[in-house]
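Chemist: Have a look at the structure that comes next, please.
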DNA sequence: TATAATCATTGACATATATCAATGAAGTGT
DNA sequence: ACACTTCATTGATATATGTCAATGATTATA
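Residue numbers (my numbering), protein chains in the order written: chain A, 199 to 429; chain S, 199 to 429.
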């Protein structure tokens with residue numbers, strides 16, 4: 199546990215402030231700033247655990263985190279959270295429980311803000327509330343894509359989707375440095391680790407993908423898109 | 199098409215008003231009442247289609263509707279919508295597009311309200327906004343349950359979950375009258391129609407379920423719960 | 001450096017599940 | 001009452017995918 203709080207300047211000056219805060223006034227930002235903690239996590243450390251009370255909203259300021267549901271014997275990764283994005287589970291507005299777990303995939307830092315403050319701002323600032331609802335809506339759309347991929351595509355299509363997710367949404371690069379494990383890849387794609395590895399191997403053999411250590415390179419984007427489409 | 203509008207008294211007096219409206223003032227209700235349409239759908243009729251512009255929020259006042267994503271060759275039913283519940287897709291706050299389709303499963307009636315009015319109320323009434331966020335959160339939790347059931351349980355567990363969903367959440371009865379087709383049951387459970395039928399047959403043979411015409415009766419709730427748990 | 005521990009890879013095998021095809025049942029319109 | 005369409009059921013078969021077990025590779029630790 200390397201969880202000692204590190205205090206940065208303040209939210210108003212923060213260069214890695216989540217875009218959700220753009221509709222806040224200086225006073226509102228200061229409100230957030232006052233009740234906020236900055237914490238460092240080592241890779242692998244759990245940020246919070248499914249089933250525990252959820253008291254804070256977490257903004258990832260560096261590194262990479264995963265949020266995942268601990269299901270029946272295996273995990274389903276709902277999303278990877280990169281800087282500067284935040285984690286705000288659906289339980290906050292229901293029963294203040296976490297409905298998924300979160301952990302650091304890479305060494306990470308994060309700001310924690312009390313959800314009471316967040317909810318207060320939602321009530322008092324309509325722009326903020328609307329931005330928040332937009333964000334919730336986007337998450338829902340993402341969930342829809344994921345559930346369709348997981349339930350209606352075969353493994354090749356699901357791995358293709360996962361690779362595009364990593365390349366386009368998370369690492370934002372094409373030869374990209376894979377910082378998640380094969381197990382994580384499998385947990386994103388809803389299959390066993392062995393199956394995920396096998397698909398990667400096939401992609402390599404077909405010249406669609408090259409893997410050099412942790413460096414992944416999608417060589418034939420068009421063909422991989424095709425595989426994603428045809429399931 | 200039996201889509202002729204039927205005008206009821208008004209929202210303030212409406213006995214089948216969705217609970218989301220409870221935080222609205224009389225004037226706000228009147229605002230909704232003014233721009234509202236009451237429509238009747240026959241079973242099977244489409245209310246709106248995935249990909250089309252979404253302009254109205256739909257409150258189901260009688261009958262039963264389904265919302266479903268048209269995926270790769272087959273549909274996934276996200277939820278059944280019974281009175282008095284409403285349909286408000288995530289696209290409304292993103293790009294005003296429908297990200298799923300909706301259709302009437304039984305003969306149904308519904309009230310349509312312009313989403314512009316709805317969004318205006320979200321901005322002006324904090325209680326209403328908070329109720330709406332709660333509702334979105336509940337939907338997300340439901341999505342989580344569904345995706346875990348669909349991706350981590352085998353067919354028996356998924357059918358068990360679907361049967362409990364129908365009995366406990368939709369029909370709210372135990373011997374219940376099944377108004378959805380086997381194909382719909384399969385589309386809820388993420389499997390082929392034939393597989394769904396086979397599982398039902400097995401449940402019948404094991405005395406867990408009785409099916410008499412459209413009357414379904416879960417005879418051994420405990421065992422079915424067990425099947426749901428063990429996947 | 002040695003040792004343990006985790007992670008990645010591969011093969012063999014069992015099985016859950018979809019697909020295809022045929023048939024029966026039930027409702028619908030003429 | 002009739003043909004006709006949709007829906008439900010069943011069986012046979014192919015295959016996608018998970019599980020188990022073994023091994024290699026890499027990293028952490030003493």
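No residue lacks a Cβ here, since even glycine has one placed at the ideal position from N, Cα and C.
Just the C-alpha distance for residue 277 of chain A and residue 211 of chain S, rounded to the nearest angstrom, thanks.
Modeler: 44 Å
Chemist: Between the Cα of residue 224 of chain S and those of S:323, S:395 and S:342, spot the shortest distance and give me the residue it belongs to.
Modeler: S:323
Chemist: How should residue 409 of chain S be labelled, buried or exposed, when 16 other C-beta atoms within 10 angstroms of its C-beta is the threshold for buried?
Modeler: exposed
Chemist: Any beta carbon from chain A within less than 9 Å of residue 429 of chain S's own beta carbon?
Modeler: Yes, residue 429 of chain S counts as interfacial toward chain A.
Chemist: For residue 321 of chain S, return the contacting residues in chain A, with the cut-off set at a CB-CB distance below 7 Å.
Modeler: 324 and 328
Chemist: Suppose the cutoff is 6 Å on Cβ atoms and the five residues either side in sequence are ignored; what does the same chain contact list for residue 213 of chain S look like?
Modeler: So no residue of the chain qualifies.
Chemist: Where in the stretch 297–348 of chain S do unbroken runs of the alpha helix (DSSP H), each at least 4 residues long, occur, reported from the N-terminal end onward?
Modeler: Positions of the alpha helix (DSSP H) runs, each at least 4 residues long and wholly inside the stretch 297–348 of chain S, are given as 313–322 in order along the chain.
Chemist: Taking only beta-carbon positions, decide if residue 269 of chain A is within less than 9 Å of chain S.
Modeler: yes
Chemist: Should residue 319 of chain A be labelled buried (16 or more other beta-carbon atoms within 10 Å of its own) or exposed?
Modeler: buried
Chemist: My output table needs one value for residue 258 of chain S: the three-state DSSP class, helix, strand or coil.
Modeler: strand
Chemist: Do you know offhand how far residue 279 of chain A's Cα is from residue 262 of chain A's?
Modeler: Straight-line measurement puts the Cα of residue 262 of chain A at about 6 Å from the Cα of residue 279 of chain A.
Chemist: Residue 264 of chain S and residue 300 of chain S look like a contact to me (Cβ under 8 Å); what is the Cβ gap, rounded to whole Å?
Modeler: 7 Å
Chemist: Residues bridged to residue 375 of chain A by DSSP?
Modeler: A:413
Chemist: Whose Cβ in chain A lies nearer than 7 Å to the Cβ of residue 426 of chain S?
Modeler: Simply none; closest approach about 10 Å.
Chemist: At the level of alpha carbons, what is the spacing between residue 331 of chain S and residue 218 of chain S?
Modeler: 10 Å
Chemist: Please confirm whether residue 414 of chain S has its beta-carbon closer than 9 Å to some beta-carbon of chain A.
Modeler: no
Chemist: Distance, Cα to Cα, residue 382 of chain S vs residue 344 of chain A?
Modeler: Residue 344 of chain A has its alpha-carbon roughly 21 Å from the corresponding atom of residue 382 of chain S.
Chemist: Using the Cα positions of residue 315 of chain S and residue 412 of chain A, report the straight-line distance between them to the nearest angstrom.
Modeler: 51 Å
Chemist: Kindly list the residues whose CB is nearer than 7 Å to the CB of residue 326 of chain A, restricted to its own chain and excluding five residues on each side of it in sequence; keep chain order.
Modeler: 221, 222, 319 and 320
Chemist: Interface residues of chain A around residue 279 of chain S at Cβ under 7 Å?
Modeler: Taking a Cβ-Cβ threshold of 7 Å, none of the residues of chain A is close to residue 279 of chain S; the smallest such distance is about 16 Å.
Chemist: Run down chain A in chain order and give the residues with a C-beta less than 7 Å from the C-beta of residue 291 of chain S.
Modeler: 331, 332 and 335
Chemist: Rank A:426, A:346 and A:312 by C-alpha distance to the C-alpha of residue 268 of chain S and give the top, closest one.
Modeler: Minimum Cα distance to residue 268 of chain S is reached at A:346.
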